[in-house]
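Some notes on the structure that comes next.
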Amino acid sequence: MDEATRKSAKMEIDESLMLSTFTMRRIGLSFNKPQNTAAYFRQKLNFVLSMCSICIHVSTELINIFVTFANSPRVEDVVPLFHTFGYGALSIAKVFVLWYKNTVFAELIDELAGIWPMPPLDEDALAIKQKSLTASRISHRWYFSVSILGVCFYSLTPIVVYFFQVWQGQDAQIGFVWVSWYPFDKYEPFTHVAVYLFETFAGVTCVWIMVSSDLVFFGMASHITLLMRILQRRLESLASIKQTDEENYEEIRSNIKLHQTLISPNLLIKLGTNPSEARLLEPFMVISSKLFLGSALLQVGAMCWYADDIFHANGDVAAAVYNSNWYKMSPRCRRALLFLILRCHKPIAFTAMKFTNISLVTYSSILTRSYSYFALLYTMYSDN
Numbered sequence: 600m601d602e603a604t605r606k607s608a609k610m611e612i613d614e615s616l617m618l619s620t621f622t623m624r625r626i627g628l629s630f631n632k633p634q635n636t637a638a639y640f641r642q643k644l645n646f647v648l649s650m651c652s653i654c655i656h657v658s659t660e661l662i663n664i665f666v667t668f669a670n671s672p673r674v675e676d677v678v679p680l681f682h683t684f685g686y687g688a689l690s691i692a693k694v695f696v697l698w699y700k701n702t703v704f705a706e707l708i709d710e711l712a713g714i715w716p717m718p719p720l721d722e723d724a725l726a727i728k729q730k731s732l733t734a735s736r737i738s739h740r741w742y743f744s745v746s747i748l749g750v751c752f753y754s755l756t757p758i759v760v761y762f763f764q765v766w767q768g769q770d771a772q773i774g775f776v777w778v779s780w781y782p783f784d785k786y787e788p789f790t791h792v793a794v795y796l797f798e799t800f801a802g803v804t805c806v807w808i809m810v811s812s813d814l815v816f817f818g819m820a821s822h823i824t825l826l827m828r829i830l831q832r833r834l835e836s837l838a839s840i841k842q843t844d845e846e847n848y849e850e851i852r853s854n855i856k857l858h859q860t861l862i863s864p865n866l867l868i869k870l871g872t873n874p875s876e877a878r879l880l881e882p883f884m885v886i887s888s889k890l891f892l893g894s895a896l897l898q899v900g901a902m903c904w905y906a907d908d909i910f911h912a913n914g915d916v917a918a919a920v921y922n923s924n925w926y927k928m929s930p931r932c933r934r935a936l937l938f939l940i941l942r943c944h945k946p947i948a949f950t951a952m953k954f955t956n957i958s959l960v961t962y963s964s965i966l967t968r969s970y971s972y973f974a975l976l977y978t979m980y981s982d983n
């Protein structure tokens, strides 16, 4: 691939990851180097502020859990505090991976640009590419929109509750976004405003981190699946036109190299399920927690979907080889194809910390067992 084509491919990939790079810039990270010194220091300052805010937020949440447990060690008082703490702690883990592996992800994008399908493409390959990019773009926009809607609703809930109480004629006071502990009186006028703004900033930062890290995985997984489907199309069309034995062998060899490239990156994916529950304090808080639950289910579901897609796409490569005109080729070419089939029989699966494979089966298992535990706990701690 020449340099001009490679740059065009890189632009297409960058465009497909546009929302991910946008959210990464909000927390002071980027796959591209800053253009000048001022941009460099702005990026570092933004990253430091984001990290400080999220670390302070998680620390205050953790201290509040300890204080609540010391004063009232009841499960129904302590457990509802874990979902926001877990979300923040997971954000810290994900932003650390993004920062530490930033160069690795940038190199992976450059490597992907080298094998990206560029014109001229046949009609089938072009249709596969357009369909995959369109689906990826729509799913990214939906995930981004739902995540932003959730954090906005969560941040605005105290204000909405305040006006609702005023409308009801009650003694109203603006609350806080999170239930946290601070070493000062947070109900003083100045500190009240400062804490509210800080908690809003910390919540938005958590969402920026989650969206950026998740969309990087979703985008790369979608592109790997796209390339595997185009590879299937190439394998099915082997020996469809008359070629010499050497030409057939070189075509098979190039397809095997592409397949080895697609399965070679050692992507370490950490899957975290975020516990969520409905705190029956105010009607608006119930809706807010439902949005939090929906965001968590969407995050885990999308990750399992893309991982499952790669798993089945790799298996379909073997079927594409079998459906090709392999019987028209020489024994040398058949041996090469047999090697590819045997390699495809070894499944590719992303794992959750080497604990279990990530797939739609895993997702259904998570939902089933989570509901079972929820029903059990609800029965145990129900007033009736």
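Just so you know, we're using this note's numbering here: the sequence shown kicks off at 600 and counts up by one. Cβ coordinates follow ideal geometry from the N, Cα and C atoms, glycine included.
Residue i to residue j span [Cα, whole Å]
i	j	result
M717	E835	19 Å
D813	I840	42 Å
F789	T622	30 Å
C651	A906	33 Å
V760	T683	19 Å
M610	Q767	55 Å
N922	L725	21 Å
K927	R933	9 Å
S671	V677	8 Å
I727	I829	7 Å
M617	L711	16 Å
V765	I662	32 Å
A895	S607	35 Å
N645	F743	21 Å
N635	Q642	11 Å
R673	T978	16 Å
T702	F763	49 Å
E849	S929	13 Å
L720	I940	25 Å
W715	W741	25 Å
T967	G893	16 Å
V657	S969	24 Å
L796	D601	50 Å
I584	P782	There is no way to answer for residue 584, as the model of the chain reaches only from 600 to 983.
L732	E787	51 Å
Y972	Y699	36 Å
Residues of its chain near residue i, where Cβ-Cβ distance is below 7 Å and the 5 sequence neighbours each way are ignored
i	result
I947	I862, I909, F910 and N913
L976	none
P882	Confidence is the limiting factor: at P882 the pLDDT is only 44, short of 50, which leaves the residue's position unreliable and the question unanswerable from this model.
T955	T961
L936	I851, V920 and W925
S735	S615, G818 and S821
D784	T790
Y639	P633
H944	A917
V794	F775, Y781 and K785
Residues near residue i in its chain [Cβ-Cβ closer than 6 Å; skip 5 each side]
i	result
V806	S746 and V750
S826	The sequence as given places Leu at residue 826; Ser does not occur at that position. The answer, listed in chain order, is L861.
V815	S619
Q831	D915, V916 and A919
H739	L618 and L814
From the options, residue whose alpha carbon lies closest to that of residue i
i	options	result
L697	I714, G627 and L711	G627
I664	E846, W777, R934 and T824	W777
V803	Y753, E845 and I773	Y753
A771	Y781, S958 and I758	I758
T799	A692, T756, L720 and F668	T756
T843	R931, F797, W715 and D601	R931
A688	T702, I655 and R673	I655
M902	H858, I957, A917 and F763	I957
H994	A801, F775, P782 and W780	Past the boundaries of the shown model lies residue 994; the chain is included only from 600 to 983, so the question cannot be answered.
D999	D723, I714, P719 and T824	Residue 999 lies beyond the range of the chain shown here (600 to 983); nothing can be said about it.
G713	M979, K856, C943 and A918	K856
I708	F640, P633, L796 and D613	D613
F859	Y795, V794, E706 and F938	Correcting the residue identity first, residue 859 is Gln in this sequence and not Phe. Measuring from the Cα of Q859, the nearest candidate turns out to be F938.
R625	S811, A669, V657 and L796	S811
Nearest-angstrom beta carbon gap, residue j and residue i [assumed within contact, 8 Å]
i	j	result
R833	N847	Between N847 and R833 the Cβ distance is about 12 Å, and since that is not below 8 Å, they are no contact.
F704	F630	6 Å
I808	K693	6 Å
L680	T667	6 Å
W904	L959	7 Å
A801	I691	Not confirmed; about 11 Å, so no contact.
T659	W780	5 Å
Residue i CB to nearest heavy atom of the ligand PLP below 7 Å
i	result
W766	In the structure shown, the ligand PLP is absent, as is every other ligand, since no ligand is present at all.
Neighbourhood of residue i by C-beta distance below 8 Å, restricted to the same chain and skipping five residues each side
i	result
D723	R832
E706	none
- Message: Restricting to runs no shorter than 3 residues, where is the beta strand (DSSP E) found entirely within the region 727 to 754?
- Response: none
- Quick one: complete alpha helix (DSSP H) runs, 4+ long, within the region 612 to 675? 617 to 625 and 636 to 670
- Query: At what residue ranges does the region 675 to 729 contain a whole run of the alpha helix (DSSP H), taking only runs of 4 or more?
  - Reply: 681 to 699 and 701 to 713
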